[in-house]
Each structure stands twice: as C-alpha cells, then as structure tokens.
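**Student:**
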Amino acid sequence: HYTAAEIKTLAPSLDSYTFDTRGNLTYLLSDGVAFSPYQLLLLKFSDKQALQHEGEGLYSGFDAAGVEDFNRSNSEPGTHGLGSVRGSALELSNVDLTQQFANIITIQRSFQSAARIISTSDEILNEITNLKR
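Its first residue numbered 6, the sequence shown is counted upward by one per residue in the numbering used here.
#1: Are the CB atoms of Gly28 and Leu45 within a distance shorter than 7 Å?
#2: Measuring alpha carbon to alpha carbon, tell me which residue in Ala94, Arg77, Ser93 is nearest Leu87.
#3: How far does the beta strand (DSSP E) with Leu33 in it reach, from first residue to last?
#4: Per DSSP, what kind of secondary structure is Ser89 in: helix, strand or coil?
#5: DSSP three-state label for Asp52, please.
#6: Just how far apart, CA to CA, sit Val90 and Phe50?
#7: Can we say the region 22 to 37 touches the region 91 to 111, given the rule of at least three CB pairs closer than 8 Å?
#8: Do Thr31 and Ala39 have their C-beta atoms closer together than 7 Å?
#9: Taking all protein chains shown into account, decide if Pro82 is buried (16 or more other Cβ within 10 angstroms of its Cβ) or exposed.
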C-alpha cells in the first residue's frame, strides 16, 4: 500500500494546457506526457439573426436560429466555414472594458487607502515612541 504522500509524489501533476486551432485541448503533465482528451466543437446556425444577445458574449435562442447538422465531423473548428480556435487569446467581446477599468480604479483606491493607513499608523507609533522619551 502507498501512503498519500507517496501517491502524490508518484502521480504526475498538470503543468499546463493549450488549445490548438482545431479546438483540441492538450494537457502537459509534469512527467512530460502530453495527451488530448477533448475537442472544442463549434455550432453553425441557419439564421444567425434569430440569436438573442444576452450581453457579455452570451447568446440564447439556439432553437430559433436553427443549429445546422451538429455532429463531430461538421463541427470541428476550421472546417465547413467555421472559424478556428485561438488558444491563449483573449476575446474582446467577452470583456466589458468599462467594468474592468472600474475594477482597476477600485483596486487602486483600496491600495492607496491601505498605504495611508500604514503611513498614519507609522506616524502614530513614532509619536508614541517620542512621548516615552
């Protein structure tokens, strides 16, 4: 029997993963083994105008838009007029820039407040130290 520590040492861990242009997800393990267990498939619609934009890159209304012949051979990225996959790329349509800038400003203000608190605490400690002298 192996102990939990031995199993953790012997079992490889996930080092990284990538998507290729055909939508294949490849895992790279710590022992150098790479394998591709999954593939991202794409949908093609008969009536793209019937899709309802929900915001933040999300859509609904697939039934009304009419999914065209969904099967693995017709849904692989880069085939049958479908786009390809760009691994490690950020799709702008999924990012609300206004919200992200608001988040940056909020975080920056929080950092500034924390820095002021530390400065004030330091000044108070200096005053206390000077009072004891």
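Just so it is clear, CB atoms sit at the ideal spot from N, CA and C, and this is done for glycine as well. All of these numbers come straight from a predicted model, not from anything done at the bench.
**Tutor:** The structure says:
#1: yes
#2: Arg77
#3: 29 to 34
#4: coil
#5: coil
#6: 18 Å
#7: yes
#8: yes
#9: buried
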